[in-house]
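Q:
Protein chains in written order, with the working numbering: chain A, 1 to 210; chain B, 1001 to 1124.
Now the structure itself:
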């Protein structure tokens, strides 16, 4: 893998960007800035995937994660209307003592695993008809022959996500509609439909024009 | 890996171009900030209210549907690429059916969200 020093340099650069952007995600007080930093982390991770000869995964990392998933993150931030995080006193004091210990334990674990794992780099050039590792062809071959069942199961997973997100979002709108209905009942005014304020606005515009 | 070197060169060139322009503008340009210049940019008109407003949940639904059909398209790509070569190993109708089963399951979800009015902005 690292026969050329330039590859080592690129890896160090990409890894450093990923780590610093990840730190930035948790250090930023504005959630939108955190989301932007997370996009940089995703792109840097795509770079590391590319270094591992996983071209298809790298592309998907950019398109699906840095693109689509981050759009969803930003929408959720705006939906919940999260403001800039306020500096506040830590309620649980002992967490400050526990956190470094857990960090050291996790770090030790990662170092232990990293030292024990010995992988050989995948062959760069393949002989015969086998497609090269990490390309769209090799992933397609595996997905539609050896891993066919997980692939078909994925469609059910996506279906569940579709129905689940719709049900959750609808419940929110239902509760909002109920509170709106209560407010209207309390004020004793006739029920408002979304079309009515728009119609009133149009009337006013016409009056001004006349 | 060597075939990605041109992409790296383009990437570095783009990065260098952007950074150079920003640095040059900062060094050479005059910094005279007026009230109008420091206003948040809102398509050229004066800003209306605060940007911190709650978004409608419909944006979330549309984004969610976008991701799910995006993933569907991601799975279509490798299938289309290897369709011919895999048809020779397995049978052609089988490879075709593999994707059709996947698509039909998702079509059920598509019809469901359509009937529920996710694609209509003014309903629900």
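C-beta atoms are modelled at their ideal positions from N, C-alpha and C, and glycine is treated no differently.
Using Cβ-Cβ distances below 8 Å, what residues of the region 149-164 of chain A are close to chain B?
A: The residues in question are 151, 152, 154, 155, 156, 158, 159, 161, 162 and 163.
Q: Three-state secondary structure (DSSP) at residue 1120(B)?
A: In the structure shown, residue 1120(B) sits in coil (DSSP, three-state: anything other than H, G, I, E or B).
Q: Using a Cβ-Cβ cut-off of 8 Å, state whether residue 109(A) counts as contacting chain B.
A: False, the Cβ-Cβ gap to chain B never drops below 8 Å.
Q: Use the C-beta contact count for residue 41(A): other C-beta atoms within 10 angstroms, 16 or more gives buried, fewer gives exposed.
A: Flag for residue 41(A) reads buried.
Q: What do you reckon, are the CB atoms on residue 134(A) and residue 1082(B) nearer than 8 Å?
A: In this structure, residue 1082(B) does not lie closer than 8 Å to residue 134(A) by Cβ.
Q: Using the beta-carbon count (16 or more within 10 Å), is residue 58(A) buried or exposed?
A: It counts as buried.
Q: Does the distance from the CB of residue 14(A) to the CB of residue 51(A) come in under 8 Å?
A: Yes, Cβ-Cβ distance for residue 14(A) and residue 51(A) is below 8 Å.
Q: From the beta carbon of residue 42(A), is the nearest beta carbon of chain B less than 8 Å away?
A: For residue 42(A), the answer is no, since every Cβ of chain B falls outside 8 Å of its Cβ.
Q: Leaving out five residues before and five after residue 1008(B) in sequence, what residues of the same chain have Cβ atoms less than 7 Å from its Cβ?
A: Closer than 7 Å at the Cβ level, and outside the excluded window around residue 1008(B), lies no residue.
Q: Between residue 35(A) and residue 73(A), is the Cβ-Cβ spacing less than 8 Å?
A: Yes, Cβ-Cβ distance for residue 35(A) and residue 73(A) is below 8 Å.
Q: Helix, strand or coil for residue 1042(B), going by three-state DSSP, please let me know.
A: Strand, per DSSP.
Q: When we look at the beta-carbon of residue 1065(B) and count the other beta-carbons within 10 Å, is it buried (16 or more) or exposed?
A: The residue in question, residue 1065(B), is buried, as its Cβ has 16 or more Cβ neighbours within 10 Å.
Q: Taking only beta-carbon atoms, is residue 24(A) less than 8 Å away from chain B?
A: Chain B, which has no Cβ nearer than 8 Å to the Cβ of residue 24(A), makes this no.
Q: Taking just the CA atoms, how far does residue 162(A) sit from residue 11(A)?
A: For residue 11(A) and residue 162(A), the distance between alpha carbons rounds to 37 Å.
Q: For the alpha helix (DSSP H) containing residue 1003(B), name the first residue and the last one.
A: Where residue 1003(B) is concerned, there is no enclosing alpha helix (DSSP H), given that its DSSP letter is neither H nor E.
Q: Is residue 1048(B) helix, strand or coil when you go by DSSP?
A: Residue 1048(B) falls in the coil class under three-state DSSP.
Q: Taking a contact to mean a Cβ-Cβ separation below 8 Å, would you say residue 39(A) touches residue 70(A) in this structure?
A: Against a cut-off of 8 Å, the Cβ pair of residue 70(A) and residue 39(A) comes out as a contact.
Q: Which residue marks the beginning of the alpha helix (DSSP H) containing residue 116(A), and which one marks its end?
A: It spans 95-116 - the alpha helix (DSSP H) in which residue 116(A) sits, taken as one unbroken run.
Q: Hey, is residue 145(A)'s beta-carbon within less than 8 Å of any beta-carbon in chain B?
A: Residue 145(A) counts as touching chain B.
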